[in-house]
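See below for the structure under consideration.
Residue numbers (my numbering): 174 to 416.
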């Protein structure tokens, strides 16, 4: 592929968000070893990586990925079978398997190893469960982000929750943090690690040795939850809450 002359050259890694209304996050890497554009979907965590030759035209790289969004979605759909939570089935929450059952409240609650849904059956059951998970995820991620931001003495902008397979979190150049709400299904230390990882990007916007030293400084045991994500992260995407 030939690259047109342009000032819009790729000289550093960045993140793309392509495809509405359900955008995919794609990690765009500028590589001095690459000779052509290439896409990869990780079978471990569903991360999508677009590798481009160092100095390539960014617009052409974006077009390359955009033209292959259907291919990407197809591969992501194969990473794990989908499962719709129903009464009697189990769902992970903060690392524990909870059985879905009927309760007496009008809102979703957790008690006695169960996730209790409103007493009357409804087509909105799964939507209520999803909303409950998102609310719990936001509270936990805000708490963790606040804690780690104070430790590095760097403020962040805003926190956004998304449902993407391509990554568990991101930090923009403006200091805005984005997380997958599905982290609330993982053990608490995994959610904490992702928050520590993204907050560390407020100090180092790369994955250099200095960055990983910063992560370890605020989250000394990060290697264990990081490995958990690599080994089990795809399973968090097997649960489907909407058609």
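From the three backbone atoms N, C-alpha and C, an ideal C-beta is built for every residue, glycine too. Since we're looking at a predicted model, the values are computed, not measured.
- By the Cβ rule, the segment 338-346 does not count as touching the segment 386-396, because fewer than three pairs are nearer than 8 Å.
- Per DSSP, the continuous beta strand (DSSP E) segment holding residue 270 begins and ends at 269-275.
- In terms of CA proximity to residue 214, 244 leads the group 300, 244, 268 and 307.
- In this structure the segment 260-269 does not lie against the segment 234-248, because fewer than three pairs of beta carbons, one per stretch, are closer than 8 Å.
- Judged by their CB atoms, residue 273 and residue 283 are not nearer to each other than the 8 Å cut-off.
- Judged by DSSP in its simplified three-state form, residue 260 adopts coil rather than helix or strand.
- Secondary-structure assignment with DSSP links residue 342 through a beta bridge to 352.
- If you ignore the 5 residues before and after residue 360, its C-beta comes within less than 6 Å of the C-beta of 268, all in its own chain and listed in chain order.
- The closest CA to that of residue 300, considering only 185, 182, 413 and 181, is found on 413.
- By the neighbour-count criterion, in which 16 or more other beta carbons inside 10 Å mark a residue as buried, residue 387 falls on the buried side.
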